[in-house]
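Peer 1: Each residue of the sequence shown is one higher than the one before, counting from 96 in the working numbering. For each residue, glycine too, the CB sits at the ideal point set by N, CA and C. Take a look at the following structure, please.
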Amino acid sequence: MDWGMKNRLSRIIKPRTGHTVMLAIDHGYFLGPMTKLEKPEKTLEPLIPYADSIMLTRGVLRSSVAATIENPIVLRVSGGTSIVGENLANEGITTSMEEAIRLNAAAVALSIFVGTPHERQTLLSLSELVNQGEQYGIPVLAVTAVGKELGKRDARYLGLASRIAAELGAHIVKTYYCDDFDKVVDGCPVPIVIAGGPKLETEMDAFEMTYNAIQTGAVGVDMGRNIWQHEHSVPMIKAVRSVVHENATPKEAMDVFNQAKSGEA
Ligand code: R5P
Numbered sequence: 096m097d098w099g100m101k102n103r104l105s106r107i108i109k110p111r112t113g114h115t116v117m118l119a120i121d122h123g124y125f126l127g128p129m130t131k132l133e134k135p136e137k138t139l140e141p142l143i144p145y146a147d148s149i150m151l152t153r154g155v156l157r158s159s160v161a162a163t164i165e166n167p168i169v170l171r172v173s174g175g176t177s178i179v180g181e182n183l184a185n186e187g188i189t190t191s192m193e194e195a196i197r198l199n200a201a202a203v204a205l206s207i208f209v210g211t212p213h214e215r216q217t218l219l220s221l222s223e224l225v226n227q228g229e230q231y232g233i234p235v236l237a238v239t240a241v242g243k244e245l246g247k248r249d250a251r252y253l254g255l256a257s258r259i260a261a262e263l264g265a266h267i268v269k270t271y272y273c274d275d276f277d278k279v280v281d282g283c284p285v286p287i288v289i290a291g292g293p294k295l296e297t298e299m300d301a302f303e304m305t306y307n308a309i310q311t312g313a314v315g316v317d318m319g320r321n322i323w324q325h326e327h328s329v330p331m332i333k334a335v336r337s338v339v340h341e342n343a344t345p346k347e348a349m350d351v352f353n354q355a356k357s358g359e360a
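Quick look at the structure:
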């Protein structure tokens, strides 16, 4: 692997622990101004010190994030669909590699929609991005998207999609945690991070999911709603960090959460 590629990856996956807490705030690219992300800068600002990288679109990056930010940027470069449109899987590439370089992105990210009528187009987009990423030393993160079909989140489907992403050259795969997650990790030869998915019922649910994913071999999380839709978003990200980077158990993470929450008052 070339020096630039390695350097960018090590800005995202921290060499000290081999793990990462990526913060995803790219949801507006198909969901619009969703709850708590109406003003991304407001949501993001207190979380910046605790995020190993920030995943977002170029529009929000330019409009809502100061160029003095030190966190590595993972630039969402796929889209072209919306939650009210016909088919979320019908994504294309929205942002060029030159633009990603201009924005000093540490990586680019796109979604693939395996098993849909748009499987081929999204997989070829991944391959093309990897071709360009290899040329310029920019890692590519592939998201094994499920669109509205949340029920697809099982080890058989996610294992298939993750492996295909890795085979096509993705440098990091973002998928969902599921039962038998070890099978997904075992079949994927590149680092895996998990999305959080829709906000879970309790904090403990989020800590347990993170803990189980890390214990099973994920290198971290690329989490959004379970952090920033929480009314105590900073305690949430601190607690998630303790699991990802310090091997905290869910119970210990809960203590971190409670302590940080009491410090907010
Ligand atoms: C979905 O494709 C979006 O790109 C999000 O980045 C991803 O789902 C992670 O966010 P959350 O933890 O809210 O699911």
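Less than 7 Å between the CB of H213 and some heavy atom of the ligand R5P, yes or no?
Peer 2: In the sequence shown, counting from the first residue as 1, residue 213 sits at position 118. No.
Peer 1: Please identify the residue among H122, K131 and L198 whose C-alpha is closest to the C-alpha of R157.
Peer 2: Stepping through the sequence shown from its first residue, residue 157 is reached at position 62. Minimum Cα distance to R157 is reached at L198.
Peer 1: If you draw a straight line from the alpha carbon of A201 to that of Q324, how long is it in whole angstroms?
Peer 2: By one-based count along the sequence shown, residue 201 stands at place 106. By one-based count along the sequence shown, residue 324 stands at place 229. Taking the straight line joining both Cα atoms gives about 25 Å.
Peer 1: Just tell me which of K137, L255 and V169 has its CA closest to the CA of I196.
Peer 2: To locate residue 196, count along the sequence shown from 1; it is residue 101. The option with the nearest alpha carbon to I196 is V169.
Peer 1: How long is the line joining the alpha carbons of Q310 and A334, rounded to whole angstroms?
Peer 2: Numbered from its first residue, the sequence shown carries residue 310 at position 215. Numbered from its first residue, the sequence shown carries residue 334 at position 239. Taking the straight line joining both Cα atoms gives about 16 Å.
Peer 1: Consult DSSP for H327 and reduce its assignment to one of helix, strand or coil.
Peer 2: Translated into the one-based positions of the sequence shown, residue 327 becomes position 232. DSSP places H327 in coil when its eight states are reduced to three.
Peer 1: For G369, which residues of its own chain have a beta-carbon under 8 Å away from its beta-carbon, when the five flanking residues on both sides are left out?
Peer 2: An answer regarding residue 369 cannot be provided, because it is not within the stretch 96 to 360 covered by the chain.
Peer 1: Would you decide whether A313 is buried or exposed? Buried here means 16 or more other CB atoms lie within 10 Å of its CB.
Peer 2: If you number the sequence shown from 1, residue 313 lands on position 218. Buried.
Peer 1: Relative to the C-alpha of V203, which candidate in G254, T217, G210 and L151 has its C-alpha closest?
Peer 2: The residue you call residue 203 lines up with position 108 of the sequence shown. Per the Cα distances, L151.
Peer 1: Would you report the Cα separation of A290 and S337, rounded to the nearest angstrom?
Peer 2: In the sequence shown, residue 290 corresponds to position 195, counting from 1. In the sequence shown, residue 337 corresponds to position 242, counting from 1. Roughly 17 Å between the two C-alpha positions.
Peer 1: Taking just the CA atoms, how far does L205 sit from T239?
Peer 2: For the purposes of this step, residue 239 is taken as the residue at position 144 of the sequence shown. For the purposes of this step, residue 205 is taken as the residue at position 110 of the sequence shown. The straight-line gap from Cα to Cα measures roughly 9 Å.
Peer 1: I267 bridges to which residues according to DSSP?
Peer 2: As a working note, residue 267 is residue 172 in the sequence shown. DSSP, once it has assigned bridges, lists L236 as partnering I267.
Peer 1: Starting from S206, trace the beta strand (DSSP E) both ways and give me its first and last residue.
Peer 2: For this step, residue 206 is matched to residue 111 along the sequence shown. Start and end: A202 to I207.
Peer 1: Under three-state DSSP, which class holds S191?
Peer 2: As a working note, residue 191 is residue 96 in the sequence shown. Coil at S191, not helix or strand.
Peer 1: What number of angstroms, rounded off, separates the C-alpha of G282 from the C-alpha of S257?
Peer 2: Here residue 282 is taken as the residue at index 187 of the sequence shown, counted from 1. Here residue 257 is taken as the residue at index 162 of the sequence shown, counted from 1. Taking the straight line joining both Cα atoms gives about 8 Å.
Peer 1: Under three-state DSSP, which class holds D350?
Peer 2: As a working mapping, residue 350 is identified with position 255 in the sequence shown. DSSP places D350 in helix when its eight states are reduced to three.
Peer 1: Relative to the ligand R5P, is the shortest distance from any of its heavy atoms to the C-beta of A119 smaller than 7 Å?
Peer 2: The residue you call residue 119 lines up with position 24 of the sequence shown. Yes.
Peer 1: From G228 to A261, what does the alpha carbon distance come to, in whole angstroms?
Peer 2: Position 133 of the sequence shown, counted from the start, is the residue given in the question as residue 228. Position 166 of the sequence shown, counted from the start, is the residue given in the question as residue 261. Using only the alpha carbons, I get a separation of about 14 Å.
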